[in-house]
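Positions 13 to 610 (this note's numbering) are the ones given, in order, by the sequence shown.
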Amino acid sequence: MLTAKELRQKYIDFFVSQGHKQIQSASLVPAEDPTVLFTTAGMHPLVPYLMGEKHPEGVRLVNYQKCVRTGDIDEVGDASHLTFFEMLGNWSMGDYFKKEAITWSFQFLTEVLEIPLEKLAFTCFEGDDDCPRDDEAANVWKSLGVPEERIFFLPKKDNWWGPAGTTGPCGPDTEMFFIFDPKKFDEVAQGTKDGFNAADDQNLMVEVWNDVFMQYNKQEDGSFVALEQKNVDTGMGLERILCVLNGFDNVYETELFKPTLDKIKELATVHDDITSLRIVSDHARTMTFMAGDHVRPSNMGQGYVMRRIMRRAIRHGMKIGIQGHFLGDLSEIIIDQYSDIYPELSQKKEEILKAVRTEEEQFTKTLAQGMREFEKVTEKLREAFSDTIDGQTAFHLYDTYGFPIEMTSDLATENSLKVDLEGFQKAFEQHQELSRTASAGQFAGGLSDHSDESKRLHTATHLLHTALKKVLGDHVEQRGSNINAERLRFDFTHEEKMTPEQKEEVEKMVNDAILAEIDIHFKEMSFDDAKAAGAIGLFEDKYGDKVKVYFMGDYSTEVCGGPHVSNTRELGGFKIKKEQSSSAGVRRIKATVAANQE
Ligand code: SER
Numbered sequence: 013m014l015t016a017k018e019l020r021q022k023y024i025d026f027f028v029s030q031g032h033k034q035i036q037s038a039s040l041v042p043a044e045d046p047t048v049l050f051t052t053a054g055m056h057p058l059v060p061y062l063m064g065e066k067h068p069e070g071v072r073l074v075n076y077q078k079c080v081r082t083g084d085i086d087e088v089g090d091a092s093h094l095t096f097f098e099m100l101g102n103w104s105m106g107d108y109f110k111k112e113a114i115t116w117s118f119q120f121l122t123e124v125l126e127i128p129l130e131k132l133a134f135t136c137f138e139g140d141d142d143c144p145r146d147d148e149a150a151n152v153w154k155s156l157g158v159p160e161e162r163i164f165f166l167p168k169k170d171n172w173w174g175p176a177g178t179t180g181p182c183g184p185d186t187e188m189f190f191i192f193d194p195k196k197f198d199e200v201a202q203g204t205k206d207g208f209n210a211a212d213d214q215n216l217m218v219e220v221w222n223d224v225f226m227q228y229n230k231q232e233d234g235s236f237v238a239l240e241q242k243n244v245d246t247g248m249g250l251e252r253i254l255c256v257l258n259g260f261d262n263v264y265e266t267e268l269f270k271p272t273l274d275k276i277k278e279l280a281t282v283h284d285d286i287t288s289l290r291i292v293s294d295h296a297r298t299m300t301f302m303a304g305d306h307v308r309p310s311n312m313g314q315g316y317v318m319r320r321i322m323r324r325a326i327r328h329g330m331k332i333g334i335q336g337h338f339l340g341d342l343s344e345i346i347i348d349q350y351s352d353i354y355p356e357l358s359q360k361k362e363e364i365l366k367a368v369r370t371e372e373e374q375f376t377k378t379l380a381q382g383m384r385e386f387e388k389v390t391e392k393l394r395e396a397f398s399d400t401i402d403g404q405t406a407f408h409l410y411d412t413y414g415f416p417i418e419m420t421s422d423l424a425t426e427n428s429l430k431v432d433l434e435g436f437q438k439a440f441e442q443h444q445e446l447s448r449t450a451s452a453g454q455f456a457g458g459l460s461d462h463s464d465e466s467k468r469l470h471t472a473t474h475l476l477h478t479a480l481k482k483v484l485g486d487h488v489e490q491r492g493s494n495i496n497a498e499r500l501r502f503d504f505t506h507e508e509k510m511t512p513e514q515k516e517e518v519e520k521m522v523n524d525a526i527l528a529e530i531d532i533h534f535k536e537m538s539f540d541d542a543k544a545a546g547a548i549g550l551f552e553d554k555y556g557d558k559v560k561v562y563f564m565g566d567y568s569t570e571v572c573g574g575p576h577v578s579n580t581r582e583l584g585g586f587k588i589k590k591e592q593s594s595s596a597g598v599r600r601i602k603a604t605v606a607a608n609q610e
C-alpha cells in the first residue's frame, strides 16, 4: 500500500533529482489574480513567472498544490471527480521543453511508480489554425517505447490547456491515462471508428497526468500570441494516481477519504446512497481547506462558492438521514488528517471550526424558513393552475433561503412540479457575474490616487492594521482596503463585533503614533528579509522580486507599494467612525484623520 505522503515525496524527490527546486503550496485563494476565484492548478500561482518574470528559485520547479475546481461539481460522487484535490506539478520556466518533460513523465510513471506500460495511453494535440499537430510530442512517446496504437490525436477541446482564467499562458498538451483493463480498452479503442473517445469511459480508464507545453498567451480578444519564453507546466492528480496505484477503482477508497467516510456512515441511517455519502465527504474536505485559507461563507466571491458547497453537503447529509450538525466534526477529522502536510489547518483549527459551525447552524435555520416559503410557492402555483416554478422564484429560494437548485428541483418533483432551470441559470449567472466583479474588487489596491489626503489615509491604514493586530490578536489579516478623499475603509478578518474599549484602544494606539511624530521611510528588500523584519501585509505567496517595506518607528512595519506621508504628524489625529460586519468573519472599519477634515 502506497500512502499519499510517500507518493508526494516520491514525486518531489524524483524531480529534485532532475534539478528542480521544491516550492510551497500557495493559498487556495489566488493572491492577486482576479480572473479566477480559486487556485485551480499548480501553475496558477506561477503565472507571472510563466509570463517571463524571474522566479527566485530558478527555472525548474516542483510542488504539490491545493486546488479547488467547481466546474465538475455535478460529477462529484462518481469514481474520480472532486471539488478539492492536490496536484503534483513540475515546471520549466523557459528551460527544458517537450523531450525532457515527456521523458521524465514516462520514467516517473513506469520506473518510479512501476506502472506497466500496457496500462497507459497517451493523447496529443491534433493541430488547428492556432497551432500545428504535435508530432513532436508523439515522437518522444514513441522513442520511449510507447506503441503507436496507444497514442491518440485529439482536438483543442481535449488536448489544449488554459488559460486558467480568461486570459494568460496556455498551449497544446499531452495527457496520460491509466487503463484498468488493457484488453478491453484496446478492443473498444481499436475496434470502433471513434477510437479514443469510445474508450473514454470511467470503467476503462482515468486521466492521471497532463503535460502542458505553454507557448501562447491568450489575449482578451481571443487571439493567441506566442510567448517569448516557452514553458512546461505539468499536473498530476494526487488522489487519482494514489487510487490506481493501490488497485482501487474510485478515489473514495483511498486513505484520504476513509476517515470521513467512516464517520459519515456512522452518522447516516441510509447507507445505499453512495453518491450522497461521497458528496458529503468531498465537500467537507473542500470547505475545510477553504476555511483554512480564510474563506468564509458569504454571498459573494469565494465565500459564495464555499456556502454553496457547504449547503450541498448539508442537504446530502439530510438525504442519508444524518440528524443534527455534523460538518464541524468532519472538519476536525480532516484537520487532524492533513495537518502534517498543511500545517495551516491545525494553526487555524479554532477559526475553521467556528466558521463551519456558524454556517451550518445558520443554514439549518433558514432551511426551515425556506421550506415554509416553498410551501407558499406551491400553493400559489396550484391556485394559478401552473406547474412550473419560474427561474426568479427558484433563484429567490436559492439566494434568500440558501436552497441549492437541485434541492428545489427534488422538492418540485415530489410536488408534481417542474422548475424553469434555464431561467434559474440566467438569474444565477447574472449573480455570479456580480460576484466575480465584487471579488475582483477585494484584491484591488486600496489607494485611489496619490493626493495628500489619500497618502494620509493610507498611512493611517498601516497604523490601524498593526493596532488591530495588537489589540485583537494575530488572526487579524487585511481583506480589503479602500480610500477616498474623506475616509479610509479597512476590512479584516475577525469574528466578533469590536467592543467600545477595543475601539478606543486601537484609536489611542494610532493617535500615539501620530503624537510621536515618527519619520516614515521605506527600504527595498527580498521577500524573506521582509518577513524576517516582521513586516505584515498582503504578500503571502509572492516570490522573487524585491518588495518595498515601509517603516513607521515601532508602530508599523508593512509591505506596501506606497506612497505615504513623510511624518506621522501630518495625519493630525485619527478617529474610527464606524465598525461593522462586512461578511461572515470579516469586519469593516471606516475611519478618518483630522487633517482630511479641515
Ligand atoms: N495546468 C494543467 C492542468 O491543470 C497542468 O497542471 O491540467
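Don't be surprised by glycine CBs; every beta carbon is placed ideally from N, CA and C.
Span of the beta strand (DSSP E) around I347
Segment 339-350 is the alpha helix (DSSP H) holding I347; no beta strand (DSSP E) there.
When you measure from the CB of A53 to every non-hydrogen atom of the ligand SER, does any distance come out below 6 Å?
yes
Which of helix, strand or coil does DSSP assign to G249?
strand
Once you ignore the five residues that flank C8 on each side, which residues in its own chain have a CB closer than 7 Å to its CB?
A query on residue 8 cannot be resolved here, the shown segment of the chain reaching from 13 to 610 and no further.
Cβ contact (3+ pairs, closer than 8 Å) linking the segment 249-261 and the segment 18-26
yes
Could you give the C-beta distance for A472 and F586, rounded to a whole number, given that I count them as a contact under 8 Å?
6 Å
Using a Cβ-based criterion (distance less than 6 Å to any ligand heavy atom), does D5 qualify as near the ligand SER?
With the chain represented from 13 up to 610, any question about residue 5 goes unanswered, as that position is not in the structure.
Tell me whether the segment 292-304 and the segment 342-360 touch, counting them as touching only if at least three CB pairs, one residue from each stretch, are closer than 8 Å.
yes
Counted within 10 angstroms of its Cβ, other Cβ atoms place V612 as buried (16 or more) or exposed:
Shown here, the chain extends from 13 to 610; a query on residue 612 therefore has no answer.
Rounded to whole angstroms, what's the CA-CA distance from D524 to T52? Just pull it up for me.
45 Å
With a threshold of 6 Å (Cβ to nearest heavy atom), would V611 be considered close to the ligand SER?
Residue 611 falls outside the range modelled here, since the chain spans only 13 to 610, and no answer is possible.
If we require 3 or more residues per run, which beta strand (DSSP E) segments fall completely within the segment 156-186?
163-166
Where E387 and L393 are concerned, what is the direct C-alpha to C-alpha distance, given to the nearest angstrom?
10 Å
Assess contact between the segment 122-136 and the segment 321-330, defined as three or more Cβ pairs (one per stretch) separated by less than 8 Å. Is contact present?
no
Exposed unless 16 or more other CB atoms sit within 10 angstroms - verdict on V237
exposed
Quick check for students: name the residue ranges of the beta strand (DSSP E) that lie wholly in the segment 484-512, counting only runs of 3 or more.
490-495, 500-505
Which whole runs of the alpha helix (DSSP H) in the segment 520-581 are 4 residues long or more, in chain order?
539-544
From D142, D212, F208, pick the residue whose C-alpha is nearest to that of P184; which is it?
D142
Same chain, Cβ closer than 7 Å to Y562, neighbours up to 5 away in sequence not counted:
H474, I532, F534, E570, C572, G574, H576
Evaluate contact between the segment 224-244 and the segment 308-320, counting only Cβ atoms and requiring at least three cross-stretch pairs below 8 Å.
no
To the nearest angstrom, how far is it from the Cα of D464 to the Cα of T604?
14 Å
Closer than 8 Å by C-beta to L357: which residues in its own chain qualify, once you throw out the five before and the five after it? Chain order, please.
T300, F301, G304, I346, I347, Y350, S351, I364
Where G485 falls, given that 16 or more other Cβ within 10 Å makes a residue buried
exposed
Considering only the alpha carbon of each residue, which of V158, G549, V59 lies closest to S568?
G549
Could I get the ranges of all uninterrupted beta strand (DSSP E) runs contained in the segment 37-109, with 3 residues as the minimum, in chain order?
72-80, 96-105
Helix, strand or coil at M383 [DSSP, three-state]:
helix
Separation of E434 from G331, as counted between CA atoms:
Going by the sequence as given, residue 331 is Lys instead of Gly. Straight-line Cα distance between these residues: approximately 25 Å.
Under 8 Å by Cβ, that's how I've got R581 and E529 pegged, so tell me the actual separation to the nearest angstrom.
4 Å
Check the C-beta distance from E372 over to G340 and give it rounded, since I have them as a contact under 8 Å.
7 Å
Counting C-beta neighbours from all protein chains within 10 Å, is the total for T420 16 or more, i.e. buried, or is it exposed?
buried
In this structure, how does DSSP classify Q30 when only helix, strand and coil are distinguished?
coil
Does any heavy atom of the ligand SER sit closer than 6 Å to the C-beta of N209?
no
So Q227 is in the beta strand (DSSP E); what residue range does that whole segment cover?
217-230
Between the segment 63-75 and the segment 101-108, do at least 3 Cβ pairs fall closer than 8 Å?
yes
Helix, strand or coil at M299 according to DSSP, with G and I counted as helix:
helix
Using the Cβ count rule (16 or more neighbours within 10 Å means buried), how would you classify F26?
buried
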